Structure formats: C-alpha cells, structure tokens
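Report on the structure given below.
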Amino acid sequence: ILNVEQSPQSLHVQEGDSTNFTCSFPSSNFYALHWYRWETAKSPEALFVMTLNGDEKKKGRISATLNTKEGYSYLYIKGSQPEDSATYLCAFPEEAAGNKLTFGGGTRVLVKP
Amino acid sequence: EAGVAQSPRYKIIEKRQSVAFWCNPISGHATLYWYQQILGQGPKLLIQFQNNGVVDDSQLPKDRFSAERLKGVDSTLKIQPAKLEDSAVYLCASSLGWAPTYEQYFGPGTRLTVT
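Here the protein sequences come in this chain order: A and B.
Going by my numbering, the first sequence runs without a break in its numbering and finishes at 114.
Going by my numbering, the second sequence runs without a break in its numbering and finishes at 388.
In structure tokens form, the structure reads like this:
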C-alpha cells in the first residue's frame with residue numbers, strides 16, 4: 002500500500018489571498034501525479050496530470066509544481082476566490098499499467114469573502 | 274460531451290439490506306473504476322474494468338460486494354448485505370485508457386448511509 006499524504010488537511014483563506022499546500026508521494030517508481038478538485042455536491046474534476054520532474058502546470062489562478070526526486074508536489078492558488086472552495090486531492094498511480102490511483106486524504110480549502 | 278452518470282445520488286438503507294448503484298461512463302471510455310470514499314479520507318479504488326474484464330479488484334470485499342460491466346459500457350456495483358461501515362460516497366470514473374497519464378473523469382457519486 003503506497004503512502005500518499007497531503008497537508009494541511011484543511012485551511013481557511015481570506016478572499017484575495019494566495020495559498021499553497023503539499024502532496025508527498027513515494028519518490029521511487031514514479032509514473033505520474035494527478036491533481037483533482039472536488040467541490041461539494043459536484044463531481045471530482047481533473048486539474049493536472051504531471052509527469053516530468055520540474056514540471057509546472059497552470060490553469061487560470063491555479064498552478065502546480067513537481068519534484069519527483071524528493072517526492073512532493075505543491076498546488077498554488079493565487080488570489081483565492083470563494084469559488085475555489087473545494088477539496089483538492091492528489092493521486093499517485095501504483096504501477097506503469099492499470100492507472101490504479103492511490104489518493105491522498107485531501108486538503109479542504111475554504112475561501113472566506 | 275456528456276459526463277459520467279451515476280444513480281441514485283443518495284440512498285439510505287438499514288444494515289443487512291442490499292443496494293445497487295449504476296454507472297454510465299463517457300462514451301468510448303474503455304476503462305471504468307469504482308471508488309469508495311469514506312468521510313475524511315481520499316477515495317479508495319474498489320474495482321477497475323478494462324472493457325468488460327476486471328483488471329483489479331484486490332480491494333473489493335468480495336464476501337459482500339460485487340460488480341459487473343455489461344457489454345463493456347454500463348456498470349453496476351452491489352452490496353449485499355450492507356454493514357454500517359459501508360456508509361460512504363461511491364464514485365464511478367472512466368478514462369480513455371489505462372496508462373498512468375490518463376486523467377479519470379468522475380461522476381457525481383452516490384452517498385450511501387447505512388443505519
């Protein structure tokens with residue numbers, strides 16, 4: 002069983018502030034790292050699939066970085082808005098084939114107006 | 274493009290009863306997944322299908338859970354009999370393929386409460 006950890010478990014952010022949080026994963030046998038956003042009462046939505054060490058991806062005000070050698074990824078939200086309130090999940094494929102994802106426990110973000 | 278459909282959205286049953294969930298994946302997606310998400314935890318894979326064959330069911334409690342994928346399209350997940358600890362959100366997801374770089378598309382989930 003792989004160990005995928007996210008921290009913090011939850012955070013409150015004032016509207017307009019920027020924030021970031023971490024996903025740590027096994028640094029050996031890296032295949033990819035997935036980030037998903039899950040808003041209440043909606044379907045989890047894919048944000049990024051990251052594959053290369055040093056990769057940086059951006060989607061609007063959300064960006065992510067990847068360090069496969071040390072086994073961590075950061076997700077950044079710039080200028081947080083209330084619609085960014087969600088649980089952010091990272092997931093690590095266990096093997097080269099099969100796309101069996103092990104998810105972290107998530108970081109629950111609440112943006113206060 | 275229509276997303277992944279799931280029904281029902283909510284279900285309340287008593288322990289020892291049975292329940293079934295239905296999933297219709299995105300058209301053309303060969304790979305289908307069922308996840309269980311217990312409050313406060315990340316989703317846990319229960320079973321993965323490639324077309325209508327099972328790829329991985331190592332975390333499926335086979336004494337009470339069963340799943341099938343009819344003709345490689347729709348899928349049903351059944352629990353019989355249910356236990357209190359089965360209370361969770363059951364998510365269905367699909368992807369074009371099963372390489373680690375394929376993103377998975379999720380349905381809205383079924384929230385199951387077992388009393």
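Each residue gets a CB set at the ideal place from its N, CA and C atoms; glycine is no exception.
Because the structure is a prediction, the values reported are computed rather than measured.
Under a CB-based cut-off of 9 Å, is B:S348 close to chain A?
no
List the endpoints of the continuous beta strand (DSSP E) containing B:V327.
Where B:V327 is concerned, the enclosing beta strand (DSSP E) stretches over 326 to 329.
Does B:E376 get closer than 9 Å to chain A when you measure Cβ to Cβ?
yes
Output needed for A:T52: all residues of its chain with C-beta closer than 7 Å, excluding positions within five of it in sequence on either side, in chain order.
Within the same chain, A:T52 has close Cβ partners A33.
Does the distance from the CB of B:Y378 to the CB of B:V277 come in under 9 Å?
yes
Taking Cβ-Cβ distances shorter than 9 Å, what residues in chain B pair up with A:T52?
P373, T374
Looking at the C-beta of B:G301, does it have a partner C-beta in chain A at a distance below 9 Å?
no
Here's a check: name, in chain order, each residue in its chain whose Cβ is nearer than 7 Å to the Cβ of A:Y73, leaving out the five neighbours to either side.
T23, C24, S25
Within-9 Å CB hit, A:A47 to chain B:
yes
My assumption, with CB atoms under 8 Å, is that A:L3 sits in contact with A:F93. Please give the rounded CB distance.
6 Å
To the nearest whole angstrom, what separates the beta carbons of A:K70 and A:S28, a pair I think is in contact under 8 Å?
The beta-carbon distance between A:K70 and A:S28, rounded to whole angstroms, is 6 Å. This is short enough to meet the 8 Å contact definition.
Against chain A, with Cβ distances strictly below 9 Å, would B:A293 count as a contact?
no
Can a CB atom of chain B be found closer than 9 Å to the CB of A:K43?
yes
Taking the continuous beta strand (DSSP E) assigned at B:F338, which residues delimit it?
338 to 342 is the span of the beta strand (DSSP E), which, as asked, contains B:F338.
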